[in-house]
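With the sequence shown counted from 1, adding 1108 to any position gets you the numbering used here.
Beneath this line is the structure, given in structure tokens, with notes to follow.
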Amino acid sequence: MKNKNINVQKIILATVATVGLVGVAVLAPNVLQVFGQFSGKKKYRKGDQKYYLNKSIKNLVQKGNLVWEEKNGKKFLRITEKGKEQLAKYEVGDLEIKKPKKWDKKWRVVMFDIKETRKSTRKLLRTTLINFGFVKLQNSVWIFPYDCEELVILMKSNLFLGKDVLYMTVDCLENDKWLKEEFGLY
């Protein structure tokens, strides 16, 4: 049930992020159409789906990911900065780093310098790197043995980091024996 809840919330956030301001009447058909894909084996009646959609929207508003706005006497949903970060987290979570059969003996280094005003984004970046198996060399320098450029590009794009994050492929790294042991590369 929790996984389904995340998928529905992801669809809602993605729809609102794409459209900008969106009314529930416009959002509902799009989300309800794909709702069946995430509902598992159990079949939900149409009323149950609308209830679940409204509950998911209410949860997203309570968490601060969406806000209600009124325009021309009608209520619309708008995604917040917190909601954009949550959506980026969902999208990055969908990505997988493929590990080749044989290591190419190159290190991938991610370095970043993110301002204190964006502390939550910096924390999200670190958490994502940890979840993908990166090892910390320093607070803002992380290393990984396999190609992960796609992940870094996605994070930079979704978290609006641009030049704040630097990705490098390194052929030689001194004293890397402990890293090879850490990643099981012997």
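Heads up, the beta-carbon is just placed ideally off N, CA and C, and yes, glycines get one too.
Under three-state DSSP, which class holds residue i?
i: residue 1211; result: coil
i: residue 1236; result: helix
i: residue 1251; result: strand
i: residue 1159; result: helix
i: residue 1293; result: coil
i: residue 1282; result: coil
i: residue 1206; result: coil
i: residue 1137; result: Any reading at residue 1137 must be qualified, since the residue scores a pLDDT of 45, below 50, and its modelled position is unreliable; the value itself is stated next. Helix at residue 1137.
i: residue 1187; result: strand
i: residue 1179; result: strand
Given residue i, which residues of its chain have a CB within under 8 Å of its CB, disregarding the five upstream and five downstream residues?
i: residue 1221; result: 1248, 1272
i: residue 1191; result: 1121, 1124, 1125, 1168, 1172, 1173, 1174
Tell me which residues share the same chain as residue i and place their Cβ nearer than 6 Å to its Cβ, disregarding the 5 neighbours each side in the sequence.
i: residue 1230; result: 1222
i: residue 1313; result: The structure shown does not extend to residue 1313, since the chain is modelled only from 1109 through 1294, so no value can be given for it.
Flag this pair as yes or no: are the beta carbons of residue i and residue j separated by less than 8 Å?
i: residue 1194; j: residue 1164; result: no
i: residue 1176; j: residue 1168; result: no
i: residue 1266; j: residue 1189; result: no
To the nearest whole angstrom, what separates the beta carbons of residue i and residue j, a pair I think is in contact under 8 Å?
i: residue 1243; j: residue 1250; result: 7 Å
i: residue 1214; j: residue 1284; result: Not really, about 11 Å apart at Cβ, beyond 8 Å.
Any idea which residues DSSP pairs residue i with across the strands?
i: residue 1244; result: 1250
i: residue 1276; result: 1217
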